[in-house]
Amino acid sequence: MPLEFKTSRFGFSPLNDPSPNWSHRPLKETILLDGCDYEHLLVVMEFANDPKPSEDEMANSFVKTLALEDDKNVMIAVAQGVVPVLVRLMDSSSVEMKEKTVAAISRVSMVDSSKHVLIAEGLLLLNHLLRVLDSGSGFGKEKACVALQALSFSKENARAIGCRCGISSLLEIYQGGTPGCQASAAGVLRNLASFPEIKENFGKWGCGPFGGGIECLKNFWDSAPSVQSLEVAIDLLRHLASFSPVAEVLCSDGKEMGECGCINLLIKMLDGKAVAEKEVAAKALSNLLLYTGNRKMFEKDEKGIVSAIQLLDPSI
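Throughout the sequence shown, residue numbering follows the numbering used here, covering 911 to 1226 in sequence.
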């Protein structure tokens, strides 16, 4: 019969193991799930026979184990209760251990079927991640953004992030972080901007301490690590451009948009192979071309007009 586990302060213990000395049994006899032997699942630790490993050892183990596991084993770890344990480890006063724990949480967030477990942790987890955004290292901020991408699809979580100065922290990372951090922050911002009531909070980006929004987008496009990252940034721009106060700042000066290279980049994306890429570019242009200066730029590029017409042909 497979073992069932319950979470405790220091990890997991079997509920149905008749042996009183279970923690001193060989690991292969201790970890048996659904008849399968998972040596590296969850409690695969150098200290597997230690009944009370330190929190630092636990954090190191979770990061190492989850990073190496495929999605299937991460799902099993989540099913056995790893997420509440990780959230408790975020209370540690050790910055290093806290960031290792964030890395483990970000790995869990990359498995679609496990995201709901993170969302269930609610404000407690969100507040921990937002604190890492404010005071963590570049590594910690990037991993926190990865986790927040998964959490910010929820309207309730997106509202909580927007009300807790999360937008300000994310924009700072988007403006001055590493390429990896910028891409992850752009993903969270894109999710937040998709909710109309939260989009209003982006007004500060255009008319306050973040008046350099256009320059921020330009810098990101120049250094984006992948085409997917560019798509996220343009999707963010599309959402923001649909909010009048921000759109007026973003698009009031056609020269500024031209210098940014936004229109030309979107035209190139219209000619891309991926349907999703074309769709994102078309939606962004549909908002930006409401402004005369941007329409003039678009009209000067014959390729853009041809590509736009081709989108009307369902056979292409």
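Just so it is clear, CB atoms sit at the ideal spot from N, CA and C, and this is done for glycine as well.
Please read all numbers here as calculations on a predicted model, not as lab measurements.
- The shortest C-alpha to C-alpha distance from G1214 to any of N1174, R1041, L976 is the one to N1174.
- Comparing C-alpha distances from S1104 to each of R1074, A1191, L1146 shows the shortest one belongs to L1146.
- Boundaries for V1021: no alpha helix (DSSP H) harbours it, and the DSSP string shows neither H nor E there.
- Setting aside the 5 residues that flank it on each side, S1019 is surrounded in the same chain by K1025, L1028, V1056, A1057, Q1059, A1060, L1061, each with a C-beta closer than 8 Å to its C-beta; the list follows chain order.
- G1086 is classed as exposed because its beta carbon has fewer than 16 other beta carbons within 10 Å across all chains shown.
- Note on geometry: alpha-carbon atoms of R1100 and G1072 lie some 12 Å from one another.
- A distance below 6 Å between beta-carbons, with the five flanking residues on each side excluded, links I1015 to the following residues of its chain, in chain order: L996, A1057.
- For E1187 and K1053, the gap between their C-alpha atoms comes out near 26 Å.
- Taken through DSSP and simplified to helix, strand or coil, M1000 comes out as coil.
- Under the 10 Å beta carbon count, K1051 is surrounded by 16 or more other beta carbons and is classified as buried.
- Spatial neighbours of K1065 in its own chain (CB-CB distance under 8 Å, excluding positions within 5 residues in sequence) are listed in chain order as F1105.
- In this structure, the beta-carbon distance from V1005 to S971 does not fall below 9 Å.
- With contacts defined as CB atoms closer than 9 Å, K1010 and H1038 fail to qualify as a contacting pair.
- The beta carbon of K1183 lies closer than 8 Å to none in the same chain, with the five residues before and after it left out.
- In the three-state DSSP reduction, S1217 falls in the helix class (H, G or I).
- Burial is judged here by how many other beta carbons sit within 10 angstroms of a residue's own beta carbon; A1030 has fewer than 16 and is exposed.
- Between L1043 and A1070, the C-beta spacing is not below 9 Å.
- Where D981 is concerned, the enclosing alpha helix (DSSP H) starts and stops at 981-989.
- CA-to-CA, the gap between T975 and M1179 works out to about 39 Å.
- Shown here, C1075 sits in coil according to DSSP, grouped into three states, outside any helix or strand.
- Secondary structure at F1208: helix, using DSSP grouped into helix, strand and coil.
- When DSSP states are grouped into helix, strand and coil, S1045 belongs to the helix group.
- Going by beta carbons, A1013 and F1063 fall outside the 9 Å limit.
- Taking a contact as a CB-CB distance under 8 Å, the pair I1144 and A1194 counts as one, their CB atoms being some 5 Å apart.
- Sorting E1189, R998, D981 by C-alpha distance to the C-alpha of R1017 places D981 at the top.
- When the beta-carbon positions are compared, I1083 and C1091 come within less than 9 Å of each other.
- Pairing V1021 with V993 gives a Cβ-Cβ distance that is not under 9 Å.
- According to the DSSP assignment, E1189 belongs to the alpha helix (DSSP H) that extends over 1185-1198.
- Inter-residue distance for Y1201 and L1034 is about 43 Å (C-alpha atoms, whole angstroms).
- If you check the CB distance, L1102 and A1068 come in under 9 Å.
- In this structure L999 is buried. Its beta-carbon is surrounded by 16 or more other beta-carbon atoms within 10 angstroms.
- When DSSP states are grouped into helix, strand and coil, Y1201 belongs to the coil group.
- In this structure, the alpha-carbon of C1172 lies about 19 Å from that of F1112.
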